[in-house]
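These notes are about the structure you will find just below.
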Amino acid sequence: MTYQVIARKWRPQTFEEVTGQEAVTRTLRNAIEHERLHHAYLFSGARGVGKTTTARLLAKAVNCHRSTAPTPTPCRTDDPEQCPSCREIAEGRSIDVLEIDAASNTGVGNVRDTIIDTIGIRAARDRYKVFIIDEVHMLSGAAFNALLKTLEEPPPRV
74 MTYQVIARKW RPQTFEEVTG QEAVTRTLRN AIEHERLHHA YLFSGARGVG
124 KTTTARLLAK AVNCHRSTAP TPTPCRTDDP EQCPSCREIA EGRSIDVLEI
174 DAASNTGVGN VRDTIIDTIG IRAARDRYKV FIIDEVHMLS GAAFNALLKT
224 LEEPPPRV
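Following this line, the structure appears as structure tokens:
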């Protein structure tokens with residue numbers, strides 16, 4: 074038996090399992106079902122409410138290979154028939170879903186190196202390239218300004 078951190082073991086695997094965020098998850102599921110996805114989503118709230126988990130679920134939903142289009146029900150990590158995209162996203166090793174810790178990488182150089190310089194490159198394996206910026210409020214003013222143009226005019230499928 075392999076050791077697994079309890080927070081990872083019990084992390085929600087579907088939008089329905091995200092507790093206390095029914096309005097948010099319903100909105101995301103509806104956007105996916107009706108193909109009305111936006112290029113950026115901002116999840117805010119107190120620590121531990123599921124912001125990063127919801128962002129990862131959204132990344133899985135738009136890139137799940139079990140469906141020919143984004144699906145509101147991506148693969149579960151405990152499913153032995155899980156698609157490669159969902160597995161890589163869950164394990165944090167997808168080359169098309171990049172998670173940035175803005176608390177540690179606060180400068181404009183970090184934003185340029187991680188996001189701006191790579192955003193023009195199309196997704197290699199998945200439908201969409203996804204950037205999850207955790208603790209985005211920790212970015213410096215210059216880093217926010219560098220990110221602003223990218224947020225206002227993103228390339229397709231990002």
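Numbering-wise (the numbering used here), the sequence shown opens with residue 74 and increments by one. Backbone N, C-alpha and C define an ideal beta-carbon position, used for all residues, glycine too. It should be emphasised that the depicted structure is a prediction, and the values quoted were computed from it without experimental measurement.
Cross-strand partners of Leu171 (DSSP beta bridge): Phe204
Same chain, Cβ closer than 6 Å to Val184, five either side skipped, listed in chain order: Ala216, Ala219, Leu220
Segment contact flag, the stretch 206-215 with the stretch 84-99, C-beta cutoff 8 Å, min 3 pairs: no
Best match in Leu130, Pro153, Ala80 for proximity to Gly121 [C-alpha to C-alpha]: Ala80
Entirely enclosed alpha helix (DSSP H) segments - the stretch 85-111, minimum 4 residues: 95-106
Given Arg230 as reference, the closest of Asp207, Ala113, Cys159 once Cα atoms are compared: Ala113
CB of Asp207 within 8 Å of CB of Ala163, strictly: no
For Arg109 and Ser177, the rounded distance between their alpha carbons: 33 Å
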